Each structure stands twice: as structure tokens, then as C-alpha cells.
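Enquirer: Got a structure here, written out as C-alpha cells. Questions coming.
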Amino acid sequence: MRKWLTKWRLLPLFAMLTLFLAGCGEPFLSTLKPAGEVADMQYDLMVLSTLIMVVVIAVVTVIFIYVVVKFRRRKGEENNIPVQVEGNHKLEIIWTVIPILLLLVLTVPVVSATFKLAEVDAIEDENRKAEDAIVVNVRANLYWWEFEYPDYGVVTSQDLIVPTDEKVYFNLIASDVKHSFWIPSAGGKMDTNTDNVNQMWLSFDSARADQAGEYFYGKCAELCGPSHGLMDFKVKALSRDEFDQWISDMEGAQAVASTELAVQGEQLFEEKGCIACHAVSPTDERPAAARTAPNLATFGERARVAGILPNDAENIRNWLKDPETYKPGNKMTNTYPKLSDQELDALTEYLMGLKVSSN
1 MRKWLTKWRL
11 LPLFAMLTLF
21 LAGCGEPFLS
31 TLKPAGEVAD
41 MQYDLMVLST
51 LIMVVVIAVV
61 TVIFIYVVVK
71 FRRRKGEENN
81 IPVQVEGNHK
91 LEIIWTVIPI
101 LLLLVLTVPV
111 VSATFKLAEV
121 DAIEDENRKA
131 EDAIVVNVRA
141 NLYWWEFEYP
151 DYGVVTSQDL
161 IVPTDEKVYF
171 NLIASDVKHS
181 FWIPSAGGKM
191 DTNTDNVNQM
201 WLSFDSARAD
211 QAGEYFYGKC
221 AELCGPSHGL
231 MDFKVKALSR
241 DEFDQWISDM
251 EGAQAVASTE
261 LAVQGEQLFE
271 EKGCIACHAV
281 SPTDERPAAA
291 RTAPNLATFG
301 ERARVAGILP
311 NDAENIRNWL
321 KDPETYKPGN
331 KMTNTYPKLS
341 DQELDALTEY
351 LMGLKVSSN
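First residue of the sequence shown? That's 1 in the UniProt record's numbering, and the numbers climb one at a time after it.
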């Protein structure tokens, strides 16, 4: 008996620990810190629905306590039978009308927001570029993300660059299995399927982008394999002028090996077959379905290696040596021969030098 009591005493501790851990996470990796128009709409709907539920629960609780206290069995009245009420038309009307009214209060803003979020006609507009409508083709892969800017011929991976204070439209598709595109602080998730393109739009508020730090965080929100939890990407929100400059730099970017060791790494990159999967130019003209590995044109500038490790020489080297340890089930594992220490150093030097440099 004492053993059971000891176990039950641990229950409140674990409950409090669960609540505490629920508050842990990366900066701005929360739907409760909206940073754009879509996130604001969805946050307001969450608050509204929560308030309605709290009010309903509070009213029901008060009525329940009142009934339990008022109509409880009292000493000496065990044999008294209370008045039997078979029905009350007023009460029946009240508890029928109130839920309908509450449902209408919630339905109207939900339907309004749904139609507003479905407005993606700008994607098909031939004049969208002249009207500064940004379209990004997102392709989800095991376990990385590709971002293509079709109006500019620019392709990048893992780091999504967007302008602030305007709508950014997304075409979403998957290469292998179902994934889900999610930037928690910018808006709700949407699935990426292999057989159809889903479309959505998001916006990123400039003031709150500054509060978020250098990046927003994006994730895959659909269980897709052993490294689903590691399928992250970063979102960098720039002013429109900075975004236009980034596009200009990307359009004129070229990979240049600037040191003798980097030149050796570039040769290894080609000899070992890395170039067959990885492009090193942001203007990759291959069909999207033919891009089987992340574009490395801006690899040296990215925040993370493989989306999860801080981008430094040690982590690049460790990833090249044994990618399976860091991201199980990735397609890079066993696709090239084991590398010597000198080859690892050379490839690391080459990859760190892959940065945007205009002609």
C-alpha cells in the first residue's frame, strides 16, 4: 500500500514538470508569438475560441456546484422525494439557443479568415513580378527543403529568404513522402504532397522580425521518417531593398575556390560525384524533380549544417565523415566512399567558401 502511495505522490510532480517543459523551445518557435498577418488572424481565432470554451466551462461548473449543493440529500430527509420535473420549455430553448449563438460568434470570423487565407490568385498573375508579388516554390525532401524563386531563376536550400511587410506566396510539393511546411510564428502549417501542389501565403512583420533575431524557425510538421524531428529550416526576413539586393547577388553568384586547399576540395567534389547531386550555382536550370540534394551555392553563409548543426569547420567535417550519426535515414549516407582526413579537410575548406559573390 505504501508503495502505491509513493507512486501517486510522484504524479503531481510529473504533471508540474510537463507544464514546465511545455514552455521550452527555440526563440519564436511558437504560435503564441505571432509575427505576421496570417499568424495574427490565427492567434485571434485561438484566443476567441479559448475564451468561449472558458466561459462555457465556468458557467457549467457554477451550475453543477449549485445543483449539487442545493439538491443534495440532507439528514432526516432521506425519504423525501423532490418534485419531479419532466420538462421546462424555457430551459430547453435557452440551452439550445445559447450554443447556436456561440457557434455563430466563432463561425463568422473563422469563415472570413478561411476565405482570406485562400486568396492566392497572385500566383497565377502574369504581372506579379511588376507588382512585387513574391512567389516561392517549396519542395520538401527527406530531410531537407528546397526554395525556388521562379520569377528570378534562383534556387537555394535550407535557408528561406523573404521580404518583410508584404505577402509571400508559396507553391508546396513533396518529392518522396508527405511532409508539412510550417513556420510557427508566421502561420499555420500546410501539407506538401507528391501528387498535387498546395498553395498558401504568409507575411512577415518587419518590427517583429527584428525582435525574433536573425532568423525565424521552420519545421516539418508531418511525421515522415526517422529524422522527421531534424527536418528544420531557417527563415531570414529582409526589407524589400535588402531582398532585391540579395536576389541580384544570387543571380550573379559564382562558386570560387580561393585557397589551394579549397581547390583540392573542388576537385574532390567533382571526382567523388558530389556534383551529380549537389548544385553549387543558385541559378540551377535542372528540372525541379532532378534536384536530388540540397543546393550548396550559399552553404558557407548558412546558419546550420544539414539544418541542425552550427555551421563551422568542425561540424562540416563531422557531417561529411558520418552523416548517418547526425541525421538517420538521410540519402547522403553511403553514397560516396570513405574519405581520408586530408580529403575531409579539403572538402570542408571548399564548402566553407561557397558564398554569394557577384561577378
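Glycine residues also receive a C-beta, built at the ideal position from the N, C-alpha and C atoms.
Values in this document were obtained by computation on a predicted structure and should not be read as measured data.
Please give the ranges of any beta strand (DSSP E) in the stretch 199 to 271, keeping only runs that are unbroken, at least 3 residues long and fully inside the region.
Expert: List check, beta strand (DSSP E) in window: 216 to 220, 232 to 238.
Enquirer: Check whether the Cβ of D159 lies closer than 9 Å to any Cβ atom in chain B.
Expert: Of the protein chains in the structure, only one exists, and it is not chain B.
Enquirer: So who's on the other strand from D159, going by DSSP bridges?
Expert: DSSP output for D159 lists K234 as bridge partner(s).
Enquirer: Once the 5 residues before and after S203 are set aside, which same chain residues still bring their CB inside 6 Å of it?
Expert: Excluding positions up to five away in sequence, the list reads G36, E37, K167.
Enquirer: Below 8 Å, how does it come out for the stretch 230 to 237 and the stretch 52 to 72: are there three or more Cβ pairs, yes or no?
Expert: The stretch 230 to 237 is not in contact with the stretch 52 to 72.
Enquirer: What does the Cβ neighbour count give for Q158, buried or exposed, with the cut at 16 atoms within 10 Å?
Expert: Answer is buried; the Cβ neighbour count reaches 16.
Enquirer: Buried or exposed, going by whether 16 or more other CB atoms sit within 10 Å of the CB of E349?
Expert: E349 is buried by the Cβ-count criterion.
Enquirer: Using a Cβ-Cβ cutoff of less than 7 Å, which residues in the same chain neighbour K33 once the five nearest sequence positions on both sides are dropped?
Expert: Cβ within range, chain order: S185.
Enquirer: With burial defined as no fewer than 16 other Cβ atoms inside 10 Å of the residue's Cβ, what is the status of T192: buried or exposed?
Expert: T192 is buried by the Cβ-count criterion.
Enquirer: Taking three-plus beta-carbon pairs below 8 Å as touching, is the stretch 282 to 290 in contact with the stretch 312 to 323?
Expert: The stretch 282 to 290, when compared against the stretch 312 to 323, does not touch it at the 8 Å Cβ threshold.
Enquirer: Pull up the distance between the alpha-carbon of N88 and that of N80, whole angstroms please.
Expert: About 22 Å.
Enquirer: Between L261 and P337, what straight-line distance do the alpha-carbon atoms span, to the nearest angstrom?
Expert: The alpha-carbon atoms of L261 and P337 are separated by roughly 20 Å.
Enquirer: Measure from the alpha carbon of T283 to the alpha carbon of each residue in A209, V59, D249, then state which is nearest.
Expert: Of A209, V59, D249, the residue nearest in Cα terms is D249.
Enquirer: For E324, which residues of its own chain have a beta-carbon under 6 Å away from its beta-carbon, when the five flanking residues on both sides are left out?
Expert: So the qualifying residues of the chain are T333.
Enquirer: Classify L344 as helix, strand or coil using the three-state DSSP reduction.
Expert: Here L344 sits in helix by DSSP.
Enquirer: Considering only the alpha carbon of each residue, which of Q245, I308, Y149, V197 lies closest to D232?
Expert: Considering only alpha carbons, the answer is I308.
Enquirer: Can you tell which of L106, T194, D205 has the C-alpha that lies nearest to the C-alpha of D165?
Expert: D165 has its Cα closest to that of D205, out of L106, T194, D205.
Enquirer: How big is the Cα-Cα spacing for Y143 and F216?
Expert: Y143 and F216: Cα-Cα distance of roughly 19 Å.
Enquirer: Please list the terminal residues of the continuous beta strand (DSSP E) segment that includes R139.
Expert: Per DSSP, R139 belongs to the beta strand (DSSP E) from 134 to 141.
Enquirer: Just to confirm my understanding: we take F181, look at its own chain, exclude 5 residues before and 5 after, and list those with CB closer than 6 Å. What are they?
Expert: These residues qualify, in order along the chain: V138, L172, M190, T192.
Enquirer: In three-state DSSP terms, what is M53?
Expert: Helix at M53.
Enquirer: Who are the near neighbours of E148 in its chain, counting only those whose CB is closer than 6 Å to its CB and skipping five residues on each side?
Expert: Around E148: N137, V155.
Enquirer: Measure the beta-carbon distance from Y169 to V120 and round it to whole angstroms, keeping in mind my assumption that it falls under 8 Å.
Expert: Going by Cβ atoms, the distance from Y169 to V120 rounds to 6 Å, so yes, they are a contact pair.
Enquirer: Expressed to the nearest angstrom, what Euclidean distance is found between the alpha-carbon atoms of L227 and G329?
Expert: It should be noted that the sequence gives Ser, not Leu, for residue 227. Between S227 and G329, the C-alpha separation is close to 7 Å.
Enquirer: Across the stretch 126 to 135 and the stretch 271 to 281, are there enough close Cβ pairs to call them in contact, namely three or more that are closer than 8 Å?
Expert: Too few Cβ pairs lie closer than 8 Å, so no.
Enquirer: Report all residues from its chain with a CB closer than 7 Å to the CB of T107; omit the five preceding and five following residues, and keep chain order.
Expert: Excluding sequence neighbours, T107 sits near nothing in its chain.
Enquirer: So the candidates are G353, L223, E314, N198; which of them puts its Cα closest to the Cα of G265?
Expert: Of the candidates G353, L223, E314, N198, the one whose C-alpha sits nearest the C-alpha of G265 is G353.
Enquirer: Are N311 and A303 touching if we call contact CB-CB under 9 Å?
Expert: Cβ atoms of N311 and A303: closer than 9 Å.
Enquirer: By how many angstroms is the C-alpha of L339 removed from the C-alpha of P150?
Expert: Taking the straight line from one Cα to the other gives about 36 Å.
Enquirer: What residue range is occupied by the uninterrupted alpha helix (DSSP H) comprising H89?
Expert: Segment 89 to 117, the alpha helix (DSSP H) holding H89.
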